[in-house]
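Visitor:
2 protein chains.
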Amino acid sequence: MTIPVVPNNAIHPVPGPLYARIRDELRVQIVSGNYQPHQKLPSESELISRYEVSRITVRQALGELEKEGLLFKVAGKGMFVSKPKPFQDLARLQGFAEAMSQHGYEVYNRLVGLNFLPVAAELTQRLGLAKGLPVTELRRVRHLNREPVSFDISYLGSHLGERLAKEDLASRDMFLILENQYGIPLGFADLAIDAVLADAETAELLQIAKDTPILRVERLTHGRDGAPLVLEYLYCRTDNFQFRLRINR
Amino acid sequence: MTIPVVPNNAIHPVPGPLYARIRDELRVQIVSGNYQPHQKLPSESELISRYEVSRITVRQALGELEKEGLLFKVAGKGMFVSKPKPFQDLARLQGFAEAMSQHGYEVYNRLVGLNFLPVAAELTQRLGLAKGLPVTELRRVRHLNREPVSFDISYLGSHLGERLAKEDLASRDMFLILENQYGIPLGFADLAIDAVLADAETAELLQIAKDTPILRVERLTHGRDGAPLVLEYLYCRTDNFQFRLRINR
DNA sequence: TGATATAACTCGTCATTACAGGTTATTACT
DNA sequence: AGTAATAACCTGTAATGACGAGTTATATCA
Chain A
-8 MTIPVVPNNA IHPVPGPLYA RIRDELRVQI VSGNYQPHQK LPSESELISR
42 YEVSRITVRQ ALGELEKEGL LFKVAGKGMF VSKPKPFQDL ARLQGFAEAM
92 SQHGYEVYNR LVGLNFLPVA AELTQRLGLA KGLPVTELRR VRHLNREPVS
142 FDISYLGSHL GERLAKEDLA SRDMFLILEN QYGIPLGFAD LAIDAVLADA
192 ETAELLQIAK DTPILRVERL THGRDGAPLV LEYLYCRTDN FQFRLRINR
Chain B
-8 MTIPVVPNNA IHPVPGPLYA RIRDELRVQI VSGNYQPHQK LPSESELISR
42 YEVSRITVRQ ALGELEKEGL LFKVAGKGMF VSKPKPFQDL ARLQGFAEAM
92 SQHGYEVYNR LVGLNFLPVA AELTQRLGLA KGLPVTELRR VRHLNREPVS
142 FDISYLGSHL GERLAKEDLA SRDMFLILEN QYGIPLGFAD LAIDAVLADA
192 ETAELLQIAK DTPILRVERL THGRDGAPLV LEYLYCRTDN FQFRLRINR
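Taken in sequence, the protein lines are chains A and B. For what it's worth, the working numbering labels the leading residue of the first sequence as -8, then goes sequentially. For what it's worth, the working numbering labels the leading residue of the second sequence as -8, then goes sequentially.
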């Protein structure tokens, strides 16, 4: 365009750049299942005429979706939905909701249990609490695109647990609440990972068969001062979800 | 270029696309420390005249380096070398033997298979090899204190595989051989973790019951230049071995 | 009908041009 | 000298045009 003063989308006051709008619209179509895995996506030229933009613009949108892992291209054939397992980067200390919503997935958590344990010797010790202090137990089932992916049991000192119990844990990330709302900076987490069979309760919550192999992650998250904050056991399906991490030498 | 028949690099018969050459040259400069962290990199226009290419080409090279995390850009200011890794922590990239012998455990590996695969389309692609190049498959059972803990299937380009096949893999760590003997510095590894049931073969090798839940770790190890070196699938017992790591915010 | 050549598509790569918006150094004015 | 305008950078976004190589459907010929 040499004298385009008014872009095509002038009528719709779209906030960001064009390629971002195309990227976001396509991502919604993909993660919502509007395009099925391995289904062929509209070709570049079709998107060009559909959105009335240049090829460079659709390619930028497509490129970002490709590096997000939502689609793959085959030269000469076309582009296809790659429904790779959604994954969480274990090397980043971030909560599930925080990680997934960055990738445009729909996340919600169902609270299936909330208990105050007056006496829990081993837990108080691991959480670095004075002996005899109460511990709060949080049981949540986490959903991605309406499918359950993990059953999390979290333990924290009741001074935090009672406050958290009042929060909207269904859609908000616990770590973000701790950090931004309560002003507790996070430091590091120690993880231990193994594989177990789903027991009857877990299997039902995750909607899988009993004795399906699942990941068990023990995660002890510490504040920046090094004090333990939350001890969690995450029981994760591995058919629709993956943990990934990158480590450096 | 309207009538460019002969591209600028006609004298040097560079194999791949222009942007790949620029990307690779810049990456070497960065990882070799030629540019220090937070140091300003040459601007786009400078790279344009240095390599005599168009802006779109240098931006493609730069974009890939940015998504690799080697540099970051600031609109209006320039590009800078990023300080390496938010995940420099206890999760180090080390081989099994290297890690365990540091802790005083007795380690040995049993080679249970060694195959040269002339055709393995997906593997060559993941390993970044030219199509049609052969791949070596290494199957080992790793023991800790005379007990099997993991069954590892490793794939590497046969240029490395044929050399390694002659080495003493029973007691020496593969990554140490690569690094110290072959002079191939290691960079990082990408891991993906899930849980599966032991099949008959794996169960026998690991001396566990069939259908015991085990960890499956996919590990793609890269050299310091970012090129993939080894793709491995580690099937780990979780009753006598645990995957532990510490991550920082 | 069957094999083959061609046309029509696909994505990959690259050059050129243009403008917007941020940052910084220079210049000019008070 | 101090401040404000400006010029000279920087990256971000976008349009247009071109050619290549791979794939697929079509049309043509034997």
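Every residue, glycine too, gets a C-beta built ideally from N, C-alpha and C. Please read these numbers as outputs of a predicted model, since none were measured by experiment.
Taking C-beta to C-beta, are L220 (chain A) and L105 (chain A) nearer than 8 Å?
Guide: Taking the first sequence and counting its residues from 1, the one referred to as residue 220 (chain A) is at position 229. Taking the first sequence and counting its residues from 1, the one referred to as residue 105 (chain A) is at position 114. Contact: no.
Visitor: May I ask you to list the residues that DSSP assigns as paired with T127 (chain A)?
Guide: By one-based count along the first sequence, residue 127 (chain A) stands at place 136. BP columns for T127 (chain A) point to A:F107 and A:L147.
Visitor: If you drop the 5 nearest sequence neighbours on each side, which residues of the same chain put their C-beta closer than 6 Å to that of I21 (chain A)?
Guide: Here residue 21 (chain A) is taken as the residue at index 30 of the first sequence, counted from 1. Taken in chain order, the residues that qualify are L61 and V72.
Visitor: Comparing C-alpha positions only, which one of B:L32, B:Y26, B:L102 and B:V65 sits nearest to D159 (chain B)?
Guide: Here residue 159 (chain B) is taken as the residue at index 168 of the second sequence, counted from 1. For the residues B:L32, B:Y26, B:L102 and B:V65, the minimum Cα distance to D159 (chain B) belongs to B:L102.
Visitor: Find the nearest neighbour of R18 (chain A) within the set A:S40, A:E37 and A:E57, judged by alpha-carbon distance.
Guide: For the purposes of this step, residue 18 (chain A) is identified with residue 27 of the first sequence, where counting begins at 1. The shortest Cα separation from R18 (chain A) among A:S40, A:E37 and A:E57 belongs to A:E57.
Visitor: A186 (chain B) versus chain A: which residues are under 7 Å apart at the beta carbon?
Guide: Reading the second sequence from its first residue, position 195 is the one you call residue 186 (chain B). Those within 7 Å of A186 (chain B) in chain A are A186, P204, I205, L206 and T229.
Visitor: Using only the alpha-carbon positions, how far apart do R237 (chain A) and F78 (chain A) sit?
Guide: The residue labelled residue 237 (chain A) in the question sits at position 246 within the first sequence. The residue labelled residue 78 (chain A) in the question sits at position 87 within the first sequence. One C-alpha to the other measures close to 13 Å.
Visitor: Express the C-alpha separation of T212 (chain B) and Y173 (chain B) in angstroms, rounding to a whole number.
Guide: For the purposes of this step, residue 173 (chain B) is taken as residue 182 along the second sequence, with counting starting at 1. For the purposes of this step, residue 212 (chain B) is taken as residue 221 along the second sequence, with counting starting at 1. Between Y173 (chain B) and T212 (chain B), the C-alpha separation is close to 15 Å.
Visitor: Out of B:L38, B:R46 and B:A52, which has the shortest C-alpha to C-alpha gap to Y10 (chain B)?
Guide: Position 19 of the second sequence, counting from 1, holds the residue named residue 10 (chain B). When each option's Cα is compared against that of Y10 (chain B), the closest is B:A52.
Visitor: Helix, strand or coil for Q186 (chain A) per DSSP?
Guide: Here the question's residue 186 (chain A) lines up with position 195 in the first sequence. Rather than Gln, the amino acid found at residue 186 (chain A) in this sequence is Ala. It is a strand residue.
Visitor: Would you check if the distance between the CB atom of A265 (chain B) and the CB atom of P204 (chain A) is smaller than 8 Å?
Guide: Lying outside -8 to 240, the shown extent of chain B, residue 265 (chain B) is not represented and no answer is given.
Visitor: So, under 8 Å CB-CB, L222 (chain B) and L108 (chain B) are touching, yes? Tell me the CB distance rounded to an integer number of Å.
Guide: Counted from its first residue, the second sequence places residue 222 (chain B) at position 231. Counted from its first residue, the second sequence places residue 108 (chain B) at position 117. Their Cβ separation, rounded to whole angstroms, is 12 Å, which puts L222 (chain B) and L108 (chain B) out of contact at 8 Å.
Visitor: Restricting to runs no shorter than 4 residues, where is the alpha helix (DSSP H) found entirely within the region 163 to 221 of chain B?
Guide: The region 163 to 221 of chain B contains these whole alpha helix (DSSP H) runs: 191 to 197.
Visitor: Can you tell me the Cβ-Cβ gap for L182 (chain B) and V208 (chain B), rounded? I've got them flagged as a contact below 8 Å.
Guide: In the second sequence, residue 182 (chain B) corresponds to position 191, counting from 1. In the second sequence, residue 208 (chain B) corresponds to position 217, counting from 1. Right, the Cβ-Cβ distance comes to about 6 Å (below 8 Å), so this counts as a contact.
Visitor: Would you report the Cα separation of M165 (chain B) and P176 (chain B), rounded to the nearest angstrom?
Guide: The count along the second sequence starts at 1 and reaches residue 165 (chain B) at position 174. The count along the second sequence starts at 1 and reaches residue 176 (chain B) at position 185. Cα-Cα distance, rounded: 13 Å.
Visitor: From A:S34, A:E59, A:F234 and A:I199, pick the residue whose C-alpha is nearest to that of L206 (chain B); which is it?
Guide: Reading the second sequence from its first residue, position 215 is the one you call residue 206 (chain B). It is A:F234.
Visitor: Taking CB distances under 8 Å as the criterion, tell me whether R14 (chain A) reaches chain B.
Guide: Within the first sequence, the letter at position 23 stands for residue 14 (chain A). It does not: the Cβ of R14 (chain A) has no partner Cβ on chain B nearer than 8 Å.
Visitor: Give the secondary structure of K58 (chain B) by DSSP, where H, G and I count as helix, E and B as strand, and everything else as coil.
Guide: The residue labelled residue 58 (chain B) in the question sits at position 67 within the second sequence. Helix.
Visitor: Is the beta carbon of L155 (chain B) closer than 8 Å to that of I144 (chain B)?
Guide: Here residue 144 (chain B) refers to the residue found at position 153 of the second sequence. Here residue 155 (chain B) refers to the residue found at position 164 of the second sequence. Taking 8 Å as the Cβ cut-off, I144 (chain B) and L155 (chain B) do not qualify as a contacting pair.
Visitor: Identify the residues that DSSP records as bridge partners of S141 (chain B): which are they?
Guide: In the second sequence, the residue the question calls residue 141 (chain B) occupies position 150. Beta-bridge pairing links S141 (chain B) to B:R133 and B:C227.
Visitor: Between the Cα of E153 (chain A) and the Cα atoms of A:S162, A:L129, A:L135 and A:E170, which residue gives the shortest distance?
Guide: Stepping through the first sequence from its first residue, residue 153 (chain A) is reached at position 162. It is A:L129 whose Cα lies nearest to the Cα of E153 (chain A).
Visitor: If we count the other Cβ atoms within 10 Å of its Cβ and call it buried at 16 or more, is E37 (chain B) buried or exposed?
Guide: Along the second sequence, read from residue 1 onward, the residue named residue 37 (chain B) stands at position 46. So E37 (chain B) counts as exposed.
Visitor: So what does DSSP say about Q116 (chain A), is it helix, strand or coil?
Guide: Sequence index remark: in the first sequence, residue 116 (chain A) carries index 125 (1-based). Reduced to three states, the DSSP call for Q116 (chain A) is helix.
Visitor: Thinking just about the alpha-carbon of each residue, which of A:G217, A:Y224, A:R210 and A:E35 is nearest to the one in G178 (chain A)?
Guide: For the purposes of this step, residue 178 (chain A) is identified with residue 187 of the first sequence, where counting begins at 1. With distances taken between Cα atoms, G178 (chain A) lies closest to A:G217.
Visitor: Quick one, are the C-beta atoms of E35 (chain A) and R12 (chain A) less than 8 Å apart?
Guide: The count along the first sequence starts at 1 and reaches residue 35 (chain A) at position 44. The count along the first sequence starts at 1 and reaches residue 12 (chain A) at position 21. No, Cβ-Cβ distance for E35 (chain A) and R12 (chain A) is not below 8 Å.
Visitor: What in chain B is Cβ-close to D181 (chain A), meaning under 9 Å?
Guide: Here residue 181 (chain A) refers to the residue found at position 190 when the first sequence is read from its first residue. Within chain B, the residues near D181 (chain A) are L81, R235, L236, R237 and I238.
Visitor: Can you tell which of A:M70, A:D230 and A:Y42 has its C-alpha closest to the C-alpha of H29 (chain A)?
Guide: In the first sequence, the residue the question calls residue 29 (chain A) occupies position 38. Ranking A:M70, A:D230 and A:Y42 by Cα distance to H29 (chain A) puts A:M70 first.
Visitor: Since D58 (chain A) meets chain B, which of its residues come closer than 7 Å, beta carbon to beta carbon?
Guide: Position 67 of the first sequence, counting from 1, holds the residue named residue 58 (chain A). It is worth fixing the name first, because residue 58 (chain A) is Lys in this sequence and not Asp. By Cβ distance, chain B contributes K58.
Visitor: Whose Cβ in chain B lies nearer than 8 Å to the Cβ of F78 (chain A)?
Guide: In the first sequence, the residue the question calls residue 78 (chain A) occupies position 87. A183, listed in chain order.
Visitor: Within 10 Å of its beta-carbon, does A191 (chain A) have 16 or more other beta-carbons around it, so buried, or fewer, so exposed?
Guide: In the first sequence, residue 191 (chain A) corresponds to position 200, counting from 1. A191 (chain A) should be labelled exposed.
Visitor: Is the CB of V221 (chain B) under 8 Å away from at least one CB in chain A?
Guide: Here residue 221 (chain B) refers to the residue found at position 230 of the second sequence. V221 (chain B) does not count as touching chain A.
Visitor: Do V110 (chain B) and L135 (chain B) come within 8 Å of each other at the CB atom, strictly closer than that value?
Guide: Position 144 of the second sequence, counting from 1, holds the residue named residue 135 (chain B). Position 119 of the second sequence, counting from 1, holds the residue named residue 110 (chain B). Cβ distance not < 8 Å, so L135 (chain B) and V110 (chain B) don't count as in contact.
Visitor: Nearest-angstrom Cα distance between I39 (chain A) and D15 (chain A)?
Guide: Translated into the one-based positions of the first sequence, residue 39 (chain A) becomes position 48. Translated into the one-based positions of the first sequence, residue 15 (chain A) becomes position 24. One C-alpha to the other measures close to 16 Å.
Visitor: Which residues mark the beginning and the end of the alpha helix (DSSP H) in which V19 (chain B) is found?
Guide: To locate residue 19 (chain B), count along the second sequence from 1; it is residue 28. L9 to V22 is the span of the alpha helix (DSSP H), which, as asked, contains V19 (chain B).
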